[in-house]
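Residue numbers (the numbering used here), protein chains in the order written: chain A, 1 to 147; chain B, 1 to 61.
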């Protein structure tokens, strides 16, 4: 269930953009992306800025690393749209779709207790992402680092 | 109103309860954003704690 306003209360510019995306991609704009255009002063503008800083600005972690971490976190958060988007972007950054898929599967398979990995306390899910990042160190492509 | 506790997503039931309590769409949107930011902050802090613990283990190592 979504508030009805999220389906229709957008300015002219976002509406045109949504229509163009639909025409050129053949798909409607995903709800998770659409919501960043709803009252952007309250959420979307800051979220886009934060996301860009975290995912694309210079970092010790490459863009591929960060996208892979995001895919893993999205998996734990049960967000299929985010899993798909971050997995696809990580695959592109690493230029190795199979290795990304294998890394995500391996991490899942290595967890002694998947429910424990969903534990929200310290040492829970993000410790897993730390381990995943460590394992993928050799997968790091210099050209995929942010600039 | 109840909170979502440690669940990681808002459910249809949560939204229905908010609407039944008389909140507008905009207020509902604000509540969901605040819940999401709160959960993201909790995950971020858990991650920092996990990284600190892992770094301490490596140093002790």
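Just so it is clear, CB atoms sit at the ideal spot from N, CA and C, and this is done for glycine as well.
- Annotation for residue 35 (chain A): no alpha helix (DSSP H) segment contains it, and DSSP assigns it neither H nor E.
- Counting only Cβ-Cβ distances below 9 Å, residue 17 (chain B) has no contacts in chain A at all, with the closest Cβ about 11 Å away.
- Around the Cβ of residue 20 (chain B), a 10 Å sphere holds fewer than 16 other Cβ atoms; the residue is exposed.
- At a cut-off of 7 Å, the C-beta of residue 5 (chain A) has a neighbouring C-beta in chain B.
- Taking a cut-off of 8 Å for Cβ pairs, the stretch 57 to 64 of chain A and the stretch 78 to 98 of chain A touch, as three or more such pairs fall below it.
- Distance from residue 42 (chain A) to residue 29 (chain A) at the Cβ level is roughly 19 Å; contact not present, criterion being Cβ atoms closer than 8 Å.
- Residue 26 (chain B): member of the alpha helix (DSSP H) spanning 25 to 60, first to last residue.
- Closer than 8 Å at the C-beta level to chain B, one finds these residues of the stretch 42 to 71 of chain A: 42 and 43.
- Residue 70 (chain A) has its alpha-carbon roughly 8 Å from the corresponding atom of residue 87 (chain A).
- Cβ contact annotation for residue 6 (chain A) (same chain, cutoff 8 Å, sequence separation greater than five): 31, 34, 35 and 38, in chain order.
- At a beta-carbon threshold of 8 Å, the residues of chain B lying near residue 39 (chain A) are 26 and 29, ordered along the chain.
- If you draw a straight line from the Cα of residue 44 (chain B) to the Cα of residue 38 (chain B), it comes to about 10 Å.
- Not a single C-beta of chain A is nearer than 7 Å to the C-beta of residue 57 (chain B).
- Secondary structure note for residue 62 (chain A): it is in no alpha helix (DSSP H), with a DSSP letter that is neither H nor E.
- With 16 or more other Cβ atoms inside 10 Å of its own Cβ, residue 91 (chain A) counts as buried.
- Closest by C-alpha distance to residue 103 (chain A), out of A:81, A:25, A:79 and A:75, is A:75.
- Judged by DSSP in its simplified three-state form, residue 30 (chain A) adopts coil rather than helix or strand.
- Inter-residue distance for residue 10 (chain A) and residue 42 (chain B) is about 31 Å (C-alpha atoms, whole angstroms).
- Taking the CA atoms as reference points, residue 99 (chain A) sits about 10 Å from residue 106 (chain A).
- Rounded to the nearest angstrom, the gap between the Cα atoms of residue 36 (chain B) and residue 77 (chain A) is 11 Å.
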